[in-house]
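Residues in the first sequence are numbered from 116 upward in steps of one, following my numbering.
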Amino acid sequence: MKKNVRVRFAPSPTGPLHIGGVRTALYNYLFAKKHGGKFILRIEDTDRNRFVEGAKEYIEESLEWCGIKIDESTNAGGNFGPYIQSERKDIYKKYINELIESGNAYYAFDTSDELDTLRKQYELEKKVFVYNSETRKRLKNSLTLSKEEVNTKLTNENFVVRFKIPENEQLIMNDVIRGEILINTNTLDDKILFKSDGMPTYHLANIIDDHLMEISHVIRGEEWLPSMPLHVLLYKAFGWENNMPEFAHLPLLLKPTGNGKLSKRDGDKLGFPVFPLFWKAPNGDTASGYKENGYFPDAFINFLSLLGWNSGTEQEIFSMEELIQAFSLEKVNKSGARFDHDKAKWFNNQYLQKKSDLELANLFSEELKEKGISSNIGYITEIVSLIKERAGFVNELWSQSFFFFEKPTEYDKKIIKKRWKEGIGEKLKNIVLIIDNLSNFSRDNIHDSVIKYIEDNELNMGQIMNSMRVSLVGSASGPDLFRIIELLGKQETIDRINIAIEKVNK
RNA sequence: GGCCCGUUCGUCUAGUGGACUAGGACGCCAGGUUUUCAUCCUGGAAACAGGGGUUCAAUGCCCCUACGGGCUACCA
């Protein structure tokens, strides 16, 4: 890599950042860090109508939660600011004039209504209206009108500035991921570069900013591929083609089933979050996030990194540092990736299993506090070590271990019917006696004593064990029964069995 | 409709002309472990979109078809 690597993530603040955007940011970040470069956050808010309060902050918070560190932005600073396009209006004005003077752009006075009518007319004739080298000769613009007319209109009317697409040129472009892309400029239309409200469109602002901010690689979603020719042509028109950035168009994230790409509007409709963090829109609408759903940021990032990229090895679990080391644009796939929620869950489970018991106990302890339960961290750590392999998320820890903190309020009816046979109460009473007489209350000792009682009296193992379990935890499933007894303690165990005998036999 | 991009198990993917009896992972199924459920272990089913070329040889290169995706706004 000869030049300094500088990449940007350039979302527009029209709402929360969705996971496709997070992945784009991630790939930019990984690429930058791999090559010792800078990761820049630029806010593209040239469409004031779609601006949503809080979106910019949401984007910044999301990247932070993900562990994606911003080198330059409004908050992080940097020498190439401002990093928000609405504050760069004057810059764009200067450059659009340059383009008009060089004959690469022109004023157009057609109203939206006029163009709409035209489009409809064409449609009736089964043709498609394109503002191009052919039609612009018949429309109201500075190429067809006299100087005087143009000047009058410029002062009295709304106008836009359009790019004058060169006629019949074969463009050969290169994409790092897709290779050569060929297109004839006759298929392109004279896109608007400057809107009547005095703001540039995305295309203009994007090229100017990327140039001024010395962006070396444009890594963005595939939805931008069709506008790549326009962008390349703009670089040429400005005379910047010699230090044009390299382009890499990422495959899109697709819906798990059905058609189309994953979009913000999918919200929670698909049965999983599409946003990193919880979002509340100014109008009150809310959408859930991965964070609040119990995902660890490193698991979330690991999962996302593999949607469209693969290291070429069989490794699947990557820390951020490992991702940076392994990442390369050449190994990014070309085709869209369907989102798979099951695999996301699996990743979180993997990360949860890797965490230490103490770390999980601290997280669990916070949840317990919210439920009004406070317990000492040593006890919680013991419980966590017993149940963590049964959970995929921190928020599943409670359902696996609630019985350590409160007595069961009901007993699984199916198990009672199947296992709580005639006379079981008497046998459980004997077990209570055995337990009560234990001086060494260790798991193994409890185990040996109870098993000995069952064997000596030739009792049904399943019946006794399940009856004990249901008495203590309310259901037939759970971790090792004797560890539960050990952790509950002698008195609590005895109480619970006695309560069960009384309640069930009634 | 037009333009552009893509197509390996259900899903994410490995594969860069001979190493392919096409590998891994998720999910699924079966067996084992377990007092139980979960975990865990072992095993299994499961794919090169179709058709033409090029080549001694094609998952891989070329062409066509089909299918999927994106774009086609004074949105980004």
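Where is the CB? At the ideal position from N, CA and C, for every residue including glycine.
Checklist entry - On the three-state DSSP scale, how would you describe W424? => result One-based indexing of the first sequence puts residue 424 at position 309. Here W424 carries a strand assignment [DSSP, helix/strand/coil].
Checklist entry - Is the stretch 148 to 160 touching the stretch 119 to 136, taking contact as three or more C-beta pairs under 8 Å? => result These segments touch.
Checklist entry - Taking the alpha-carbon positions, what's the P126 to L349 distance? => result Indexing the first sequence from 1 puts residue 126 at position 11. Indexing the first sequence from 1 puts residue 349 at position 234. In this model, P126 and L349 are separated by some 21 Å (Cα to Cα).
Checklist entry - Do I550 and I599 have their C-beta atoms closer together than 8 Å? => result Here residue 550 refers to the residue found at position 435 when the first sequence is read from its first residue. Here residue 599 refers to the residue found at position 484 when the first sequence is read from its first residue. Going by C-beta atoms, I550 is not nearer than 8 Å to I599.
Next on the checklist: Helix, strand or coil, according to DSSP, for Q465 in the structure here?
Outcome noted: Locating residue 465 in the first sequence gives position 350, where the first residue counts as 1. Q465: helix per DSSP, three-state reduction.
Checklist entry - Taking the alpha carbon of N256 as the point to measure from, which residue in N273, K208, M343 has its own alpha carbon closest? => result Residue numbering aside, residue 256 sits at position 141 when the first sequence is read from its first letter. Taking only the C-alpha atoms, the option nearest N256 is N273.
Next on the checklist: Based on DSSP bridge pairs, tell me the residues matched to I488.
Outcome noted: Your numbering for residue 488 matches position 373 in the first sequence. None; I488 has no bridge partner.
Checklist entry - When the Cα atoms are used, what is the spatial distance from E240 to M288? => result For the purposes of this step, residue 240 is taken as residue 125 along the first sequence, with counting starting at 1. For the purposes of this step, residue 288 is taken as residue 173 along the first sequence, with counting starting at 1. Each residue's Cα considered, the two are about 34 Å apart.
Item to check | Contact check, E337 vs L365, beta carbons under 8 Å | outcome: Residue 337 sits at position 222 when you count from the first residue of the first sequence. Residue 365 sits at position 250 when you count from the first residue of the first sequence. Against a cut-off of 8 Å, the Cβ pair of L365 and E337 comes out as a contact.
Checklist entry - Residue range of the beta strand (DSSP E) that Q285 falls in? => result Working through the first sequence from its first residue, we reach residue 285 at position 170. Residues 285 to 290.
Checklist entry - Which residues in the same chain as V243 place their Cβ atom closer than 7 Å to its Cβ, once the five residues preceding and following it in sequence are excluded? => result The residue given as residue 243 occupies position 128 in the first sequence. Taken in chain order, the residues that qualify are Y237.
Checklist entry - Is it buried or exposed for P397, if we count other Cβ within 10 angstroms and need 16 for buried? => result Sequence index remark: in the first sequence, residue 397 carries index 282 (1-based). Residue environment for P397: exposed (fewer than 16 other C-beta atoms within 10 angstroms of its C-beta).
Item to check | Neighbourhood of V195 by C-beta, 8 Å cutoff - its chain only, sequence neighbours within 5 removed | outcome: Mapped onto the first sequence, residue 195 falls at position 80. Correcting the residue type first, residue 195 is Phe in the shown sequence and not Val. Hits under 8 Å: I155, E187, L327, M328, E329.
Checklist entry - Helix, strand or coil for I183 per DSSP? => result Within the first sequence, residue 183 is the residue found at index 68, counting from 1. Coil.
Next on the checklist: So, at 8 Å on beta carbons, what are the nonlocal neighbours of M343 in its own chain, with the 5 sequence-adjacent residues on each side left out?
Outcome noted: By 1-based counting over the first sequence, the position of residue 343 is 228. Counting only Cβ-Cβ distances below 8 Å, and skipping sequence neighbours, we find M288, D290, I296, F362, H364.
Next on the checklist: Please state the DSSP three-state secondary structure of N119.
Outcome noted: Within the first sequence, the letter at position 4 stands for residue 119. Coil.
Checklist entry - Should I539 be labelled buried (16 or more other beta-carbon atoms within 10 Å of its own) or exposed? => result Translated into the one-based positions of the first sequence, residue 539 becomes position 424. I539 counts as buried, since no fewer than 16 other beta carbons sit within 10 angstroms of its beta carbon.
Checklist entry - With a CB to CB cut of under 7 Å and the five nearest residues on each side skipped, what residues in its chain are close to W460? => result Translated into the one-based positions of the first sequence, residue 460 becomes position 345. Inspection of the sequence shows that residue 460 is occupied by Lys rather than by Trp. Answer for K460: G507, listed in chain order.
Item to check | Same chain, Cβ closer than 8 Å to R163, neighbours up to 5 away in sequence not counted | outcome: As a first step, residue 163 must be located in the first sequence, where it is residue number 48. Its chain contains S201, D312, M314 as the residues whose beta carbon lies nearer than 8 Å to that of R163, once the 5 sequence neighbours on both sides are disregarded; these appear in chain order.
Checklist entry - Helix, strand or coil: how does DSSP classify V137 here? => result As a working mapping, residue 137 is identified with position 22 in the first sequence. In the three-state reduction of the DSSP assignment, V137 falls in the helix class, which pools H, G and I.
Item to check | Beta carbon of G423 nearer than 8 Å to that of V447 | outcome: Taking the first residue of the first sequence as position 1, residue 423 is located at position 308. Taking the first residue of the first sequence as position 1, residue 447 is located at position 332. Judged by beta-carbon spacing, V447 lies within the 8 Å limit of G423, meaning their Cβ atoms are closer than that value.
Next on the checklist: For I566 and K542, which I take to be in contact (beta-carbon distance under 8 Å), what is that distance rounded to the nearest angstrom?
Outcome noted: Position 451 of the first sequence, counted from the start, is the residue given in the question as residue 566. Position 427 of the first sequence, counted from the start, is the residue given in the question as residue 542. Approximately 14 Å separates the beta-carbon atoms of I566 and K542; this is outside 8 Å, ruling out the contact.
Checklist entry - With a CB to CB cut of under 6 Å and the five nearest residues on each side skipped, what residues in its chain are close to F518? => result Position 403 of the first sequence, counted from the start, is the residue given in the question as residue 518. Close CB contacts of F518 within its chain, under the 6 Å cut and outside five residues either way in sequence, are with V588 (chain order).
Next on the checklist: On a Cα-Cα basis, can you pick out the residue from I280, E521, E474, F479 that is closest to N510?
Outcome noted: Taking the first sequence and counting its residues from 1, the one referred to as residue 510 is at position 395. That would be F479, whose Cα lies nearest to the Cα of N510.
Checklist entry - Expressed to the nearest angstrom, what Euclidean distance is found between the alpha-carbon atoms of F442 and F146? => result Counting from 1 along the first sequence, the entry for residue 442 is found at position 327. Counting from 1 along the first sequence, the entry for residue 146 is found at position 31. Straight-line measurement puts the Cα of F146 at about 7 Å from the Cα of F442.
Item to check | Burial state of S586, where buried means 16 or more other Cβ atoms lie within 10 Å | outcome: By 1-based counting over the first sequence, the position of residue 586 is 471. It counts as buried.
Item to check | Bounding residues of the alpha helix (DSSP H) (the contiguous stretch that carries K503) | outcome: By one-based count along the first sequence, residue 503 stands at place 388. K503: not part of any alpha helix (DSSP H); DSSP gives it neither H nor E.
Item to check | Under 8 Å between C-beta atoms of E601 and R558 | outcome: Residue mapping note: residue 601 aligns to position 486 of the first sequence, counting from 1. Residue mapping note: residue 558 aligns to position 443 of the first sequence, counting from 1. Contact: yes.
Item to check | Length of the line joining the Cα atoms of K449 and K268 | outcome: In the first sequence, residue 449 corresponds to position 334, counting from 1. In the first sequence, residue 268 corresponds to position 153, counting from 1. Between K449 and K268, the C-alpha separation is close to 47 Å.
Item to check | Nearest-angstrom Cα separation, counted from F462 out to E437 | outcome: Your numbering for residue 437 matches position 322 in the first sequence. Your numbering for residue 462 matches position 347 in the first sequence. One C-alpha to the other measures close to 16 Å.
Item to check | As assigned by DSSP and simplified to three states, the class of K148 | outcome: Sequence index remark: in the first sequence, residue 148 carries index 33 (1-based). Collapsing the DSSP output to three states places K148 in a helix.
Checklist entry - Under the three-state reduction of DSSP, which class applies to N229: helix, strand or coil? => result Walking along the first sequence from the start, residue 229 turns up at place 114. At residue 229 the sequence reads Glu, which differs from the Asn that was named. In the three-state scheme derived from DSSP, where H, G and I count as helix and E and B as strand, E229 is classed as helix.
Checklist entry - CB G135 to CB L368, shorter than 8 Å? => result Reading the first sequence from its first residue, position 20 is the one you call residue 135. Reading the first sequence from its first residue, position 253 is the one you call residue 368. Note that the C-beta distance between G135 and L368 is below 8 Å.
Checklist entry - If L345 sits next to L303, beta carbons under 8 Å apart, how far is it from one beta carbon to the other, in whole angstroms? => result Residue 345 sits at position 230 when you count from the first residue of the first sequence. Residue 303 sits at position 188 when you count from the first residue of the first sequence. With a Cβ gap of about 7 Å, L345 and L303 count as contacting.
Next on the checklist: Classify T496: buried if its beta carbon has 16 or more other beta carbons within 10 angstroms, exposed otherwise.
Outcome noted: Here residue 496 corresponds to residue number 381 of the first sequence, with the count starting at 1. T496 comes out buried.
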